[in-house]
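Enquirer: For this note's numbering, add 380 to where a residue sits in the sequence shown, where the first one is 1.
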Amino acid sequence: MSSILLLFVFLPGDAYFAGRNYDEAYRYYRVMKTTAPSFENNYGAAVCALLQGRLEESVELFEATPDKTGEVFYYLGIAYYQLHRYDKAEFCFTQACKKGMRIWQCDYYLGLIKLKENNVAEAMGYFDLLPDSSNKKILVDYMGDYNRLAAAREKYREGAYRDALKLYEDMKYFQGFKEVGRAFALAGLKEYKKSRELLDSIITSTDDRILLMSGLFRAAEVSLTLKDRTKARFYLKRYLDIEEDPRICFLLGRSFSEEARYDSASVYFKGLPDSVDEYLFYKGRTDYFLGLWGRAEESLLRHRELFPHSIYADRTVFILASINYKREEYDYAIDFWTELVDLHPNSIYAAAAQKGIGSAYFNIKQYKKALAAFRRVDEYNPSPGIKEETRLKIYETLYRLKKFPSLIEALRRFVEENPDSRLAVKTRMRIAKILFNRKEYYQSLSELNKIIEKYPNSDVTIEALIEKARIYQIFGKKRALKEVFQELLRNKKAAEYYSYAANELAILYSEEMKYDSSLYYYNTLLNDEKYKEKALLEIARIYDVLGQFKEAETMLDRLISEFPSSVFTMDAYFLKTRVYRTKGSYKAAIELLNELLQKVGERPEIYLEMGHIYFEIENYLNARENYLLACEHFKQRRDDAAQALIFAGDASLAIGDTKSAREEYLRANLIAESLALKNQATAKLTAIGGE
């Protein structure tokens, strides 16, 4: 104890303090404060605590100091400032000034406090009191930029985007923030591509998490505005990689929803809380389009209850009505649609809802109510499309109310009274189909010709040409049929039917044995994957007929190699086998059929074909064996099995095995269903008996 006292005598607190040994100085002042309380000891302990970062203890000691001087208030202000208790700090610095502590540091701290309060003007007043220096110049410039930043944000909020952009461009400091501000302003000016380029530069260069997240979010919004949903999803997914955010999940889901990719949208909507208006609506809407009507109805009914004043309220009720309409629960559909037009008469869905009411009444055969509902559609500012559809439904309803003798008469009246309607041509097409289904082909053809003549540029004209072809097929008018298909090939709007028309023409020319023309059209089909397999087979058949066996074989090899699982595989192998037989390459033909057996398994047709080849080369034992195998595998196809037995009997006769031949003919007679086959087998039995 005596040694400690001696240390205090020779090393007082001021000496420790001067030597920056704040720990020892603090201990000294604390001991002295306890043993010999005084202003100096209390003040010394408080300052040491402040220097050591013991802020709460420092405040406690300064506050306990009696008769506070300007210096005490100054240091107490610093402690409060570091504790973020800015109101207390401001009071202390002000008191320090009043106590004669006129040092620039007080003005500096007071300026910083005013900045925290966003009181830029007063902050600048304090900073102007600071002594001139390079630091002061930087601070003043920085404050000028701060003013511009605040003003730019205000201009942006007001929608004065060009003024905001100018302020951001004039800034020297606040790197990153000014670029984000410029990007926001450019987006406000609808210069979306420039905005996104700037945001991309920020995203790729910044280390600031706040700037990165803000940039990603805004870049996604800009991309969605540009309808570049793929790019938007890139930004949103990157955002989610950094931080989970339901807003981002929602935007991702909505981007898929707008592309009608409801499965993908559902993945992102699934985990969203039902407590948010738009989240719950989009969840229900997505389930509706996925056909999950029960789940959709549950979500939308909850939305209707939780958010009666939602901007989606009208759409919610409309979808609920649509669900019930599709379930054929028409009374509920009527109730929901009636609710929509009553509560939201100015909604863009009101006219469609009123039309829906009419359609529901029509479907339950309450035609008077349907007619009344349809006639009210005009009250809700319908789109031209809904207006025309409703007008057509009125004519159909009038027919149901026996105002027209037939549906065709009602539809004709609609066309006559609404010649410029976009539905006129479709209604004519409908009339033509009704007549076709009644087998009134000439009247149907007349209607189709009117469509083709009057509406040459309509998409319906293509459909009319196809229906016209059906009628000519029924009439057997091949020349007229070819003209229709050639007209389809000439029509630029019929591109999706080119292959269909070319295929039909190829078939027609092949039937007429005009093989050059048939080959021409089949060759045009080789560029269409849908028709290519069949085209290769048919081209090979034509070459076979023409005796061009090498070319036929080339086409068949292409078919087999390019389409190993083709439905025409067996046809290709059989045709190739026939080519080999024609060339006298029987061994190759048999090997090919064995290859086919390995590929598709045991098929009676293959054994039958092998039997024919063996019979042709007079290998009757193998021929009979294969015919009997064919019979065995035909199973329930009794006539085919009987024919195979007759062939087997012929092979038995060829080797002089009359007994076996008789058995095979007898079995054929017993199992055959066809009278012709029974008679054939009987004749062969009789012939054996005659021998």
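Backbone N, C-alpha and C define an ideal beta-carbon position, used for all residues, glycine too. Being a predicted model, the structure only gives us computed values, none of them experimental.
1) Which runs of the alpha helix (DSSP H) fall wholly inside the stretch 578 to 629 and span at least 4 residues, in chain order?
2) So residue 977 packs on residue 955, CB below 8 Å; how close in whole Å?
3) Which residues in the same chain have their Cβ closer than 6 Å to the Cβ of residue 915, if we skip the five residues on either side of it in sequence?
4) Quick check: residue 1013 and residue 987, are their CB atoms within less than 8 Å of each other?
5) Helix, strand or coil for residue 640? Go by DSSP, reduced to three states.
6) Taking the beta carbon of residue 924 as the centre, do at least 16 other beta carbons fall within 10 Å, making it buried, or is it exposed?
7) Does DSSP put residue 493 in a helix, a strand or coil?
8) Comparing alpha-carbon positions, which option in 826, 678, 806 lies nearest residue 815?
9) Given that a residue counts as buried once 16 or more other Cβ atoms are within 10 Å of its Cβ, and exposed if not, what is residue 762?
10) Assign residue 475 to one of three DSSP states: helix, strand, or coil.
11) Mapping DSSP to helix, strand and coil, what is residue 465?
12) If you pair each beta-carbon of the stretch 693 to 700 with each one of the stretch 712 to 730, do three or more pairs fall below 8 Å?
13) Do the stretch 702 to 711 and the stretch 731 to 744 touch if we need at least three Cβ pairs shorter than 8 Å?
14) May I ask you to report which of helix, strand or coil DSSP gives residue 381?
15) Does the pairing of the stretch 970 to 984 with the stretch 938 to 956 give three or more beta-carbon distances under 8 Å?
16) Using a Cβ-Cβ cutoff of less than 6 Å, which residues in the same chain neighbour residue 1056 once the five nearest sequence positions on both sides are dropped?
17) Just tell me which of 659, 658, 680 has its CA closest to the CA of residue 668.
18) Give me, in chain order, the residues of the same chain whose beta-carbon lies closer than 7 Å to that of residue 450; leave out the 5 immediate sequence neighbours on both sides.
19) Please specify which runs of the alpha helix (DSSP H), each continuous and at least 4 residues long, are wholly inside the stretch 916 to 962, giving them in chain order.
20) Thinking just about the alpha-carbon of each residue, which of 555, 534, 579, 552 is nearest to the one in residue 563?
21) Taking the CB atoms as reference points, tell me whether residue 1026 and residue 1063 lie closer together than 8 Å.
22) Out of curiosity, what's the CA-to-CA distance linking residue 967 and residue 831?
23) Helix, strand or coil for residue 576? Go by DSSP, reduced to three states.
24) By Cβ distance below 8 Å, which residues in the same chain neighbour residue 536 in space, the five residues on each side in sequence not counted?
25) Measuring only the C-alpha atoms, how far is residue 851 from residue 821?
26) Taking C-alpha atoms, which residue in 457, 1016, 989 lies nearest to residue 1003?
27) Kindly list the residues whose CB is nearer than 8 Å to the CB of residue 572, restricted to its own chain and excluding five residues on each side of it in sequence; keep chain order.
28) Do three or more CB pairs link the stretch 787 to 795 to the stretch 747 to 755 at distances below 8 Å?
29) Short of 8 Å in beta carbon distance, which residues of its chain neighbour residue 960, apart from the five on each side in sequence? Order them along the chain.
30) Assign residue 1023 to buried or exposed, taking buried as 16 or more other Cβ atoms, counted over all protein chains shown, within 10 Å of its Cβ.
31) Does the Cβ-Cβ distance between residue 861 and residue 849 come in under 8 Å?
32) What is the DSSP secondary structure of residue 687, counted as helix, strand or coil?
33) Check the C-beta distance from residue 550 over to residue 528 and give it rounded, since I have them as a contact under 8 Å.
34) So, residue 490 versus residue 471, is the Cβ gap smaller than 8 Å?
Expert: Put simply:
1) For the stretch 578 to 629, whole alpha helix (DSSP H) runs of length 4 or above, ordered along the chain, are 589 to 605, 609 to 622.
2) To locate residue 977, count along the sequence shown from 1; it is residue 597. To locate residue 955, count along the sequence shown from 1; it is residue 575. Not confirmed; about 17 Å, so no contact.
3) Start at 1 with the first residue of the sequence shown, and residue 915 comes out as number 535. Same-chain partners within the cutoff: 902, 905, 906.
4) Numbered from its first residue, the sequence shown carries residue 1013 at position 633. Numbered from its first residue, the sequence shown carries residue 987 at position 607. Cβ distance < 8 Å, so residue 1013 and residue 987 count as in contact.
5) Position 260 of the sequence shown holds residue 640. Reduced to three states, the DSSP call for residue 640 is coil.
6) Looking up residue 924 in the sequence shown gives position 544. Taking all protein chains shown into account, residue 924 has 16 or more neighbouring C-beta atoms within 10 Å of its C-beta and is therefore buried.
7) Stepping through the sequence shown from its first residue, residue 493 is reached at position 113. Correct three-state label for residue 493: helix.
8) What you label residue 815 is simply residue 435 of the sequence shown in a count that begins at 1. Looking at 826, 678, 806, the one whose alpha-carbon comes closest to that of residue 815 is 826.
9) Here residue 762 corresponds to residue number 382 of the sequence shown, with the count starting at 1. Only buried fits residue 762, as 16 or more other CB atoms lie within 10 angstroms of its CB.
10) For the purposes of this step, residue 475 is taken as the residue at position 95 of the sequence shown. In this structure, DSSP gives residue 475 a helical state, which the three-state scheme calls helix.
11) Counted from its first residue, the sequence shown places residue 465 at position 85. Residue 465 falls in the coil class under three-state DSSP.
12) Between the stretch 693 to 700 and the stretch 712 to 730 there are three or more inter-stretch CB-CB distances shorter than 8 Å, so the stretches are counted as touching.
13) Touching, yes.
14) In the sequence shown, the residue the question calls residue 381 occupies position 1. Because the pLDDT at residue 381 is just 29, under 50, the model does not fix this residue reliably, and the value given afterwards should be weighed accordingly. Residue 381 sits in coil when the DSSP states are folded into three classes, being neither helix nor strand.
15) The stretch 970 to 984 vs the stretch 938 to 956: in contact.
16) The residue labelled residue 1056 in the question sits at position 676 within the sequence shown. Cβ within range, chain order: n/a, list empty.
17) For the purposes of this step, residue 668 is taken as residue 288 along the sequence shown, with counting starting at 1. Of the candidates 659, 658, 680, 680 places its Cα closest to the Cα of residue 668.
18) The count along the sequence shown starts at 1 and reaches residue 450 at position 70. Only 476, 479, 480, 481 meet the Cβ criterion.
19) With a minimum length of 4 residues, the continuous alpha helix (DSSP H) runs that stay inside the stretch 916 to 962 are 929 to 942.
20) Position 183 of the sequence shown, counted from the first residue, corresponds to residue 563. For the residues 555, 534, 579, 552, the minimum Cα distance to residue 563 belongs to 579.
21) Reading the sequence shown from its first residue, position 646 is the one you call residue 1026. Reading the sequence shown from its first residue, position 683 is the one you call residue 1063. Contact flag unset, no.
22) Position 587 of the sequence shown holds residue 967. Position 451 of the sequence shown holds residue 831. Straight-line measurement puts the Cα of residue 831 at about 60 Å from the Cα of residue 967.
23) Working through the sequence shown from its first residue, we reach residue 576 at position 196. In the three-state scheme derived from DSSP, where H, G and I count as helix and E and B as strand, residue 576 is classed as helix.
24) Within the sequence shown, the letter at position 156 stands for residue 536. Listed in chain order, the non-local C-beta contacts of residue 536 below 8 Å within the same chain comprise 544, 561, 564, 565, 568, local neighbours out to five positions each way being set aside.
25) Sequence index remark: in the sequence shown, residue 851 carries index 471 (1-based). Sequence index remark: in the sequence shown, residue 821 carries index 441 (1-based). Residue 851 and residue 821: Cα-Cα distance of roughly 7 Å.
26) Sequence index remark: in the sequence shown, residue 1003 carries index 623 (1-based). Scanning 457, 1016, 989 for the CA closest to the CA of residue 1003 turns up 989.
27) Taking the first residue of the sequence shown as position 1, residue 572 is located at position 192. Within the same chain, Cβ atoms closer than 8 Å to the Cβ of residue 572 are found at 566, 602, 605, 606, the five residues on either side in sequence being excluded.
28) Taking 8 Å as the limit for Cβ pairs, the verdict is that the stretch 747 to 755 does not touch the stretch 787 to 795.
29) For the purposes of this step, residue 960 is taken as residue 580 along the sequence shown, with counting starting at 1. Cβ neighbours of residue 960 beyond the five flanking positions: 966, 968, 969, 972.
30) Indexing the sequence shown from 1 puts residue 1023 at position 643. The residue is buried, with at least 16 neighbouring Cβ atoms inside 10 Å.
31) Locating residue 861 in the sequence shown gives position 481, counting from the first residue. Locating residue 849 in the sequence shown gives position 469, counting from the first residue. Yes, they are a contact pair.
32) Within the sequence shown, numbered from 1, the residue matching residue 687 stands at position 307. Of the three classes helix, strand and coil, the one that applies to residue 687 here is coil, per DSSP.
33) Translated into the one-based positions of the sequence shown, residue 550 becomes position 170. Translated into the one-based positions of the sequence shown, residue 528 becomes position 148. The beta-carbon separation of residue 550 and residue 528, rounded to 6 Å, stays under the 8 Å limit for a contact.
34) For the purposes of this step, residue 490 is taken as residue 110 along the sequence shown, with counting starting at 1. For the purposes of this step, residue 471 is taken as residue 91 along the sequence shown, with counting starting at 1. The answer is no: Cβ separation not under 8 Å.
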